[in-house]
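Protein chains in written order, with my numbering: chain A, 119 to 306; chain B, 119 to 306.
Glycine is no exception: its CB is placed at the ideal position from the N, C-alpha and C atoms.
Below: one structure, written as structure tokens.
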DNA sequence: CAAAAAATTTAACATAGGATAAAAAGTCAT
DNA sequence: ATGACTTTTTATCCTATGTTAAATTTTTTG
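Set out below in structure tokens:
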């Protein structure tokens with residue numbers, strides 16, 4: 119997915135704004151396993167995924183919980199870095215060899231303060247992500263793990279192909295064993 | 119809490135921008151029980167809470183789940199209305215007689231497109247809310263209901279005073295009965 | 001202030017999903 | 001291909017939390 123398409127899919131902006139963004143964007147190819155963000159550290163970068171898949175996870179109390187999965191066209195940031203300039207609470211790694219567009223946070227910040235279209239573009243990005251996360255929080259409350267699995271299967275079948283089940287499990291909010299049970303249809 | 123303080127607490131903006139916002143702001147006093155947003159409907163307003171308390175909730179499968187609780191200084195919006203101009207999925211009601219600042223979405227939208235400071239202010243608002251929701255989602259995974267209750271007790275003791283426990287329960291992601299058990303310290 | 005209504009707690013029982021461990025299946029390197 | 005390692009499934013047992021209903025307590029209202 120090309121950078122221009124990614125930008126306009128988040129929120130359409132005039133060509134001039136796209137050009138400004140492209141000027142500070144660098145394309146990088148990185149191998150599977152590469153860590154983009156590390157818990158406890160500050161990274162001054164933002165990425166867009168041209169090709170590949172990415173996992174954000176948190177390690178706590180001996181468990182590894184997947185917070186988010188990203189694919190082509192998604193924006194990869196560590197919220198604490200991006201919003202508050204503070205150390206990340208999560209790790210973000212590449213699950214496949216990937217091609218990414220990289221922008222430094224300070225360049226992006228500079229553009230936000232200088233171009234109103236980009237400022238509104240950044241606003242839309244955060245707003246859209248906000249809805250997604252709120253919907254996930256609500257789904258945890260209203261639906262069974264098996265329903266959440268079936269929803270994922272319906273809406274994002276490719277994720278299930280490309281991401282190992284242990285990661286999917288905690289993304290859905292259950293243990294791997296439990297997800298395995300769900301899949302084998304003990305329930306339903 | 120005065121409108122100027124609310125605005126600058128979200129993200130500081132120049133006085134000129136505050137003035138623009140204030141020009142389109144109206145102060146309204148509304149009684150307890152008043153519905154600000156209704157599921158399935160579009161409302162073209164945004165509110166800031168000067169005084170009072172507010173609850174956002176969703177009714178589904180015979181259960182009423184509290185999504186969010188707001189108090190003095192908080193911004194009250196329906197995400198689907200605000201971001202996508204679509205019908206709300208939640209209801210939002212006043213839990214106390216309240217005083218609010220009201221702005222029409224179209225006025226706000228107009229300011230976002232005209233004033234870069236306000237556009238970035240709107241961006242910061244969404245970003246900050248995004249972090250809060252993501253942290254709640256993560257807490258659901260890592261902590262027991264009793265821990266989440268104790269965290270709320272520590273960080274927001276006033277909410278527990280002002281909001282009935284049935285609402286608090288689903289906000290924490292448990293049933294009222296379960297919260298009652300937690301409080302009576304069967305656990306811990 | 002008494003009656004009615006609403007909110008909270010308590011009790012008894014049920015279950016989705018967690019924990020641990022072992023078996024099976026799949027992947028990778030030599 | 002063969003063995004080593006990783007991932008997924010299966011099995012057993014267990015617990016936090018759900019469900020329903022009844023008993024209290026608190027709040028509201030005539």
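Output needed in chain order: residues of the segment 152 to 180 of chain B with a Cβ under 9 Å from some Cβ in chain A.
Going along the segment 152 to 180 of chain B in chain order, one finds 176, 178, 179 with a Cβ nearer than 9 Å to chain A.
Quick one: list the residues of chain B neighbouring residue 201(A), beta-carbon separation under 9 Å, in chain order.
Counting only Cβ-Cβ distances below 9 Å, residue 201(A) has contacts in chain B at 242, 245, 246, 248, 249, in chain order.
Given a threshold of 16 other Cβ atoms within 10 Å of its Cβ, counted over all protein chains shown, does residue 272(A) qualify as buried or as exposed?
exposed
Taking the beta carbon of residue 302(B) as the centre, do at least 16 other beta carbons fall within 10 Å, making it buried, or is it exposed?
exposed
Under 6 Å Cβ to Cβ from residue 214(A), same chain only, skipping five residues before and after it: list those, please.
150, 170, 171
Report yes or no: is there a C-beta of chain B within less than 8 Å of the C-beta of residue 234(A)?
Yes, contact with chain B.
Cα-Cα separation, residue 192(B) to residue 130(A):
29 Å
Residue range of the unbroken beta strand (DSSP E) whose run includes residue 280(A):
DSSP places residue 280(A) in no beta strand (DSSP E) but in the uninterrupted alpha helix (DSSP H) bounded by 275 to 280.
Could you pull the start and end residues of the beta strand (DSSP E) that residue 187(A) belongs to?
Unbroken beta strand (DSSP E) run through residue 187(A): 181 to 189.
Can you pull the chain A neighbours of residue 237(B), defined as C-beta to C-beta under 7 Å?
Ordered by position in chain A, the residues that pass the 7 Å Cβ test against residue 237(B) are 234, 237, 238, 241.
Does chain A have any CB closer than 8 Å to the CB of residue 145(B)?
no
Using beta carbons (cut-off 8 Å, strictly below), is residue 127(A) in contact with chain B?
Cβ-Cβ to chain B under 8 Å: no for residue 127(A).
Once the 5 residues before and after residue 280(A) are set aside, which same chain residues still bring their CB inside 8 Å of it?
Excluding residues within five positions, the ones whose Cβ falls inside 8 Å are 171, 189, 213, 214.
Using beta carbons (cut-off 8 Å, strictly below), is residue 259(A) in contact with chain B?
At least one chain B Cβ lies under 8 Å of residue 259(A).
Are residue 211(B) and residue 176(B) closer than 8 Å when you measure CB to CB?
no
Residue 290(A) in three-state terms, based on DSSP
It is helical.
Relative to the C-alpha of residue 186(A), which candidate in 286(A), 297(A), 295(A), 228(A) has its C-alpha closest?
Among 286(A), 297(A), 295(A), 228(A), the Cα nearest to that of residue 186(A) is on 286(A).
Flag this pair as touching only if the segment 241 to 257 of chain A and the segment 134 to 149 of chain A have three or more C-beta atom pairs under 8 Å; answer yes or no.
no
When you compare each of 245(B), 221(B), 288(B) to residue 264(B) by their alpha carbons, which one comes out closest?
Closest by C-alpha distance to residue 264(B), out of 245(B), 221(B), 288(B), is 288(B).
To the nearest angstrom, how far is the alpha carbon of residue 127(A) from that of residue 298(A)?
35 Å
Taking DSSP as the reference, what is the three-state secondary structure of residue 305(A)?
Interpretation of residue 305(A) is limited by its pLDDT of 43, a score under 50 that renders its predicted location unreliable; the figure taken from the coordinates is listed afterwards. Residue 305(A): coil per DSSP, three-state reduction.
Applying a beta-carbon distance threshold of less than 7 Å, which residues of chain B neighbour residue 266(A)?
Those within 7 Å of residue 266(A) in chain B number zero; the least Cβ separation is about 13 Å.
Roughly how many whole angstroms lie between the Cα atoms of residue 226(A) and residue 184(A)?
27 Å
Is residue 283(B) buried or exposed, if buried means 16 or more other CB atoms sit within 10 Å of its CB?
With fewer than 16 other Cβ atoms within 10 Å, it is exposed.
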